[in-house]
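Everything on this sheet refers to the single structure shown next.
Number of protein chains: 2
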Amino acid sequence: MIKPRPLSGFPEYLPAQQLTFNRVLSVIRSTYEAHGFTPIETPSAELKDVLTAKGGDDAEIYALTRLNGAPDERETDLALHFDLSVPLARYVAQREGELTFPFLRSQVQKVWRGERPQAGRFREFYQADIDVIGRGSLSLLYDAVLPAVVNDALTRLDIGPFCIRINNRQLLQGYFEGLGLAPEAVPQALRILDRLEKVGLDRVREGLTTEFRLDPAALAPFFDLATGRPDPHALLTELEGWAFGVTFERGVSELKAVLSGLRDQGVPTPNFRMDLSVARGLGYYTGTVYETTLPDFPQLGSICSGGRYENLVGNFHRGAFPGAGMSIGVSRFVPALLEAGVLGVGASTTAQVLVTSLQAEHRGEALRLGAELRAQDVRAEVYLEPHRLGQQLRYADRKGFRLAVMVGEEELQAGRVRVKDLRSGEETLLERTQWSQEVRQRLCPPDAIRSRAGPR
Amino acid sequence: MIKPRPLSGFPEYLPAQQLTFNRVLSVIRSTYEAHGFTPIETPSAELKDVLTAKGGDDAEIYALTRLNGAPDERETDLALHFDLSVPLARYVAQREGELTFPFLRSQVQKVWRGERPQAGRFREFYQADIDVIGRGSLSLLYDAVLPAVVNDALTRLDIGPFCIRINNRQLLQGYFEGLGLAPEAVPQALRILDRLEKVGLDRVREGLTTEFRLDPAALAPFFDLATGRPDPHALLTELEGWAFGVTFERGVSELKAVLSGLRDQGVPTPNFRMDLSVARGLGYYTGTVYETTLPDFPQLGSICSGGRYENLVGNFHRGAFPGAGMSIGVSRFVPALLEAGVLGVGASTTAQVLVTSLQAEHRGEALRLGAELRAQDVRAEVYLEPHRLGQQLRYADRKGFRLAVMVGEEELQAGRVRVKDLRSGEETLLERTQWSQEVRQRLCPPDAIRSRAGPR
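Those protein sequence lines, which keep their order, are chains C and U. Residues 1 to 456 in the working numbering are what the first sequence lists, from first letter to last. Residues 1001 to 1456 in the working numbering are what the second sequence lists, from first letter to last.
Next up, the structure:
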């Protein structure tokens, strides 16, 4: 006999928590779709050479071998994807003739990283990505669409305050070059800057001044803006007065266009900020960059990051496919928000009504009543074990059903159905002819249906 | 540069087909939930010893190793699950104290099998499982619930005729023992019988008579019933007259109870059949067994199988947890039904409306209009590339948008919005104040909303 044990780094939920997790995924998916980011799904595995084309930390990649195959048949050329960007690049390169550009795609899937698990780090986790890919070129305004989509998703999730922090790599590149750094030294400066949120202003300033012999006084105006959190308009007006050359100015003007696009879409200011400290470690990004933090959960770091990149498919295709994307790290924030009660946990059943029955000869009637409820779009389970009514009702309570339906001799004779509200305890006798419509109305009055349902 | 190439056995869709595939998954999931089968999700990987506890063909299991790790760090103790039953058994054994029984669970996930791919065989594919697990015992009537759920799902999928074929292993066990076979010889007889659909009556009869020296005349009444497709009631009445001992009689009486439960739930007769030829190769099943075929697609074999089993968790737990389950092999039938046009392929966007704009200075207004539509629950994309209107409308046509919204100087001045129906070509000018409500109404009249939306 094998004792089952939890796998470190591979999250798994009990039914009630799973339902909350599924609701989070579903809100994100439907928000992406509401903006026209159409879902694709790529295989969990890619060819190893595809996954490693960009270089990087191969040791974190899970390769697939056949268990107990003949020795020469064990190796395969496959490995599990570690993000959804490489699969997207491969997908676009492989199918570009069949896609329509700009290609707005969403992708919500598991990814795997074989790293040593720590708190908040997973080996299997969900990412929820949106990217827009152009052929040849891509309007800068899409950089304002992505955070608007994320703003919609996080707002609809109703998980409290969040801030999408936006910056521009060209602005940073121009700024540090303007300070006298050689272009190839800038990435190292960005890596230091990128740690501002984590290690604080003093250590970042010290890192920059010692490593590059910069005058702290020269850095002061920058850090005033980076830590002072001025409103976006004030920040950009200030930066427009700075003379740091063409690259810097292009960065500022791009940020300005993004700000204007966010305003046009009605994204409220507290939900986003232009933040000079956001640098994103990856060399990948070439323009706008994003990070998203939950002020009440600073320990989570960024729960949604991304940016603009010059060419998605460089390793797989000769064409130019610029793009921009953001990725919500769902598995990253859900456990913390569940624990804090910010994400609520409710019933551990998807059904609204439990149909009980008192004796074996009533179970046929119970099955009929269940089917009648479902025909009214009411989600219903029929309890079929030969247990006493009390045990059946305890089952209903424990799982969180809204209503219980009771079938007994008395009701059958009278042509009625007894319905118990499991919150109030109130019992009602309904006429057998119209009962399922009445249950439906009670669970969801018509007005609520109207206001909830969007057109399909 | 690496040329991307398709992975044999790992299906991947273009956006329009993906949307159809997603609709199939979504109908199945919501049907499962409507019956109270609550979704869980287990990690893609399990410990190797958990996966191989039951024995079986280990060579088909994909094990995980770390790519390019130090040699002693490459091996892991993990492998990808090859079905959803072993993970369910592990889940129940591990968490039984936290679950409420009977435990009705659904699970729709990918599984992996490292077999040599052939037509219709995949190495990565979706299974959509429902199981009900009892603690200690489980009412036989649940055996009638499972096919009713599958009947609902396949009916709602609207994929043409299907037949859930139902049999009982005890009936078969008793029958062959009654013919004089030793109990331990019966599994081999069932394996021969199970191939009736594939190889035909003659070869099955020949197999049984030669292997077990049975009199062909003695088998005749059985095969008359197995191939004659009598209605379920007639079949069972006939079998009740047969004298094959206690095990056989228990099987017949169980089948009778299942038939009665199916009738109570209103499952129409053409959608199911009591079929003596269904044996299911696996030793796992101990009572009711199911297979589901699509008469128009016999080459697909069974698209949904399952049965009753005596104990789910034998390898992981001392307790008795009897159960019954069915599994829809989604990846198996979707490609054939797409190809035959039985599953339709529509738009390659999730959005209903494309907001176009004629000039750069109108794009802010276009972004505002898009946000206004989404506030009305209308799914809307804003086209932001600096292309001519003709190109924007071609994009809308190719992706399958329903409506295009046009923003130009004239409309802005007049306080109006121009809306073009992309099917009829008809254009309308709407007042800017009420326009988004009107678009919403046009896409989905209130009556349609009412009848589609179920209570939540």
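Note that the Cβ used here is the ideal one computed from N, Cα and C, for glycine as well.
Item: Any chain C beta carbon closer than 8 Å to U/ASP1231; Value: no
Item: Proximity below 8 Å, CB of U/GLU1124 to CB of C/SER44; Value: yes
Item: Inter-residue spacing [alpha-carbon to alpha-carbon] between U/ALA1448 and U/GLU1381; Value: Legend: pLDDT at U/ALA1448 = 45, less than 50; position of this residue unreliable, no value from coordinates given.
Item: C/ASP158 burial status per 10 Å Cβ neighbour count (16 or more: buried); Value: exposed
Item: Residue burial classification, C/THR356 (beta-carbon count within 10 angstroms, cutoff 16); Value: buried
Item: For C/ARG318, the nearest candidate out of C/ALA89, C/ALA70 and C/LEU7 (CA to CA); Value: C/ALA89
Item: Secondary structure of U/LEU1014, DSSP reduced to three states; Value: coil
Item: Minimum C-alpha distance to C/THR433 - residue among C/LYS3, C/GLY425 and C/GLU372; Value: C/GLU372
Item: At least three beta-carbon pairs within less than 8 Å, the stretch 405–413 of chain C to the stretch 1062–1073 of chain U; Value: no
Item: Chain-order list of residues whose beta-carbon lies under 8 Å from that of U/VAL1149 (same chain, five-residue window excluded); Value: THR1031, TYR1032, HIS1035, PHE1037, ILE1130 and MET1326
Item: Chain U contacts made by the stretch 22–33 of chain C, where a contact means CB separation under 7 Å; Value: ASN22 and GLU33
Item: Any C-beta of chain U under 8 Å from that of C/THR20; Value: no
Item: Buried versus exposed, by CB contacts within 10 Å (16 or more), C/THR293; Value: buried
Item: C/PRO221 burial status per 10 Å Cβ neighbour count (16 or more: buried); Value: exposed
Item: Proximal residues, the stretch 295–310 of chain C versus chain A, C-beta separation under 9 Å; Value: This model lacks chain A altogether, as its protein chains are C and U.
Item: CB contact check: C/LYS420 to chain U, cutoff 8 Å; Value: no
Item: Contact under 8 Å by Cβ, U/ALA1396 with U/LEU1354; Value: yes
Item: CB contact check: U/MET1406 to chain C, cutoff 8 Å; Value: no
Item: For U/GLY1325, the first and last residue of its enclosing beta strand (DSSP E); Value: 1323–1328
Item: Three-pair Cβ contact test at 8 Å for the stretch 1207–1215 of chain U versus the stretch 1174–1192 of chain U; Value: yes
Item: Proximity test, Cβ basis, 8 Å: C/ALA324 and chain U; Value: no
Item: Opening and closing residue of the alpha helix (DSSP H) in which C/LEU181 lies; Value: Counting along the chain, C/LEU181 falls outside any alpha helix (DSSP H), and DSSP gives it neither H nor E.
Item: Helix, strand or coil at C/LYS420 [DSSP, three-state]; Value: strand
Item: Limits of the beta strand (DSSP E) - the one that U/GLU1409 falls within; Value: Premise fails: U/GLU1409 lies in the alpha helix (DSSP H), 1409–1414, not in any beta strand (DSSP E).
Item: Interface flag, U/PRO1455 vs chain C, CB-CB below 8 Å; Value: Since pLDDT at U/PRO1455 reaches only 43, below the 50 mark, its modelled position is unreliable, and the value read off the structure follows with that caveat. Judged by the 8 Å Cβ criterion, U/PRO1455 is in contact with chain C.
Item: Buried/exposed call for U/SER1451, threshold 16 Cβ in 10 Å; Value: Low confidence applies to U/SER1451: its pLDDT is 39, below 50, so where it sits in the model is not reliable enough to give any reading.
Item: Buried or exposed by the 16-neighbour rule on C-beta atoms within 10 Å, applied to U/ASP1077; Value: exposed
Item: Classification of C/PRO39 by the beta-carbon crowding that lies within 10 angstroms, buried from 16 upward; Value: buried
Item: Chain-ordered neighbours of U/PHE1248 on chain C, where CB pairs are closer than 7 Å; Value: Chain C residues near U/PHE1248: none, gap ~23 Å exceeds 7 Å.
Item: Residue burial classification, C/GLU41 (beta-carbon count within 10 angstroms, cutoff 16); Value: buried
Item: Reduced DSSP secondary structure (H/G/I, E/B, other) of U/ILE1040; Value: coil
Item: Endpoints, the beta strand (DSSP E) within which U/ILE1166 is located; Value: 1163–1168
Item: Residues of the stretch 42–53 of chain C with Cβ closer than 9 Å to any Cβ of chain U, in chain order; Value: THR42, PRO43, SER44, ALA45, GLU46, LEU47, LYS48, ASP49, VAL50, LEU51, THR52 and ALA53
Item: Inter-residue spacing [alpha-carbon to alpha-carbon] between U/THR1052 and C/GLY69; Value: 14 Å
Item: U/LEU1140 versus U/GLY1251, U/TYR1013, U/VAL1378 and U/LEU1358, residue with shortest Cα-Cα distance; Value: U/GLY1251
Item: Within the stretch 270–354 of chain C, ranges of the beta strand (DSSP E) (whole runs, at least 3 residues); Value: 272–274, 285–293, 304–309 and 323–328
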